[in-house]
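Colleague: Quick note: the sequence shown, position 3, residue 3 per the UniProt record's numbering, numbers continuous.
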Amino acid sequence: MAFEAMFQPIQIGKLTIRNRVLSTAHAEVYATDGGMTTDRYVKYY
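1) In angstroms with no decimal places, state the Cα-to-Cα distance between Ile17 and Ala2.
2) Distance, Cα to Cα, Thr24 vs Met6?
3) Using only CA atoms, which one of Gln8, Tyr44, Leu15, Pro9 lies nearest to Glu28?
4) Starting from the C-beta of Asn19, find all residues in its chain whose C-beta is less than 6 Å away, skip the five residues before and the five after it, and write them out in chain order.
Below is the structure:
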């Protein structure tokens with residue numbers, strides 16, 4: 001498999017990360033102007 005290392009644990013100092021798959025911080029604009037969740041926001045997750 002070409003990306004086999006992505007699914008292997010990695011040691012960073014004293015911290016062990018289970019794999020190398022991540023999601024960066026980002027803003028979704030699926031909430032209402034008042035900050036309430038919507039069906040679209042729930043479906044996103």
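Even glycine gets a Cβ: it sits at the ideal position worked out from N, Cα and C.
Modeller: Inspection of the coordinates gives the following:
1) 20 Å
2) 16 Å
3) Looking at the Cα atoms, Tyr44 is the closest of the given residues.
4) Phe7
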